[in-house]
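Here's the structure we're looking at; comments come further down.
In full-length UniProt numbering, the protein residues as written are 1 to 266.
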């Protein structure tokens, strides 16, 4: 009841012209959906979301795996490395955003200070439409890679040592063991993390809104922010609901494709 009723009521709202004040609540059919499909701002926001999802998911998986492999080598101070890599994941999005806003500050930030020390350009990272999305992606990777690191590390420690010992007796070196044993054994873990990461990235809102507010010029505005602004700034509640259901349908399709591909591989 607590799940089905809001879903059904939200779909009903998407078929009306209702505003946030409750006015004009009569049914208008699928007019909101037709308008949404012709809305260039919606498509741009959706494109930003897809770009963010791809640009963040790949490094989050790769960096998480590399960090787990390094720690799994048996480096001294295991608990310290685990804490250092996982701790940022425990921080609230507001704390992370404020920290990186300072890091990216054109005058006072550490990023430009390091760039200046090497004679590199010192741009306004979050005010440049060509750099803002990349800057947010870097922030997101730093913030959330600890989760993937921990899951990968647990999976690595579940691989039997006997497999590596047998491979070593057969003359397989470390790189051969990595690509013949480790990575194939981690395939189910990678598939799971990829699904979780894609779904989380598609719903991105917090850090982008706090760092760039979707700017400059809408270059980083995700679809969730566009839904929010349409409903609570533009006061078009019905239209906002329609965009939400289009986005929901997209997430369902992507989820089905990912689950199907994962099942076939397994």
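Glycine included, C-beta positions come from ideal geometry on N, C-alpha and C.
Among the options, whose alpha-carbon lies nearest the alpha-carbon of residue i?
i: residue 181; options: 140, 157, 196; result: 157
i: residue 71; options: 62, 63, 81; result: 81
i: residue 224; options: 113, 3, 133, 241; result: 241
i: residue 258; options: 243, 213, 199; result: 199
i: residue 85; options: 244, 214, 148; result: 148
i: residue 35; options: 130, 168, 239; result: 239
i: residue 252; options: 96, 202, 143; result: 202
i: residue 135; options: 169, 102, 116; result: 102
i: residue 11; options: 62, 263, 261, 248; result: 248
What residues are listed by DSSP as bridge partners for residue i?
i: residue 16; result: 27
For the alpha helix (DSSP H) containing residue i, name the first residue and the last one.
i: residue 146; result: 132-156
i: residue 77; result: Run containing residue 77: none; DSSP gives neither H nor E here.
i: residue 224; result: 223-232
i: residue 279; result: Examination of residue 279 is not possible in this model, given that the chain is present from 1 through 266 alone.
i: residue 125; result: Note, residue 125: premise wrong, no alpha helix (DSSP H); not H, not E.
i: residue 106; result: Looking at the DSSP string, residue 106 is not in any alpha helix (DSSP H), and its letter there is neither H nor E.
i: residue 200; result: 187-202
i: residue 208; result: 206-211
May I have the straight-line CA-CA distance separating residue i from residue j, to the nearest angstrom?
i: residue 46; j: residue 227; result: 11 Å
i: residue 16; j: residue 230; result: 15 Å
i: residue 219; j: residue 185; result: 39 Å
i: residue 165; j: residue 176; result: 13 Å
i: residue 246; j: residue 69; result: 40 Å
i: residue 243; j: residue 48; result: 15 Å
i: residue 174; j: residue 55; result: 30 Å
i: residue 119; j: residue 113; result: 10 Å
i: residue 131; j: residue 261; result: 33 Å
i: residue 267; j: residue 144; result: An answer regarding residue 267 cannot be provided, because it is not within the stretch 1 to 266 covered by the chain.
Flag this pair as yes or no: are the beta carbons of residue i and residue j separated by less than 8 Å?
i: residue 237; j: residue 13; result: yes
i: residue 197; j: residue 60; result: yes
i: residue 64; j: residue 152; result: yes
i: residue 88; j: residue 142; result: yes
Closer than 7 Å: is that where the CB of residue i sits relative to any heavy atom of the ligand SAM?
i: residue 103; result: Summarising the ligand content, the structure contains no ligands, and the ligand SAM is consequently not present.
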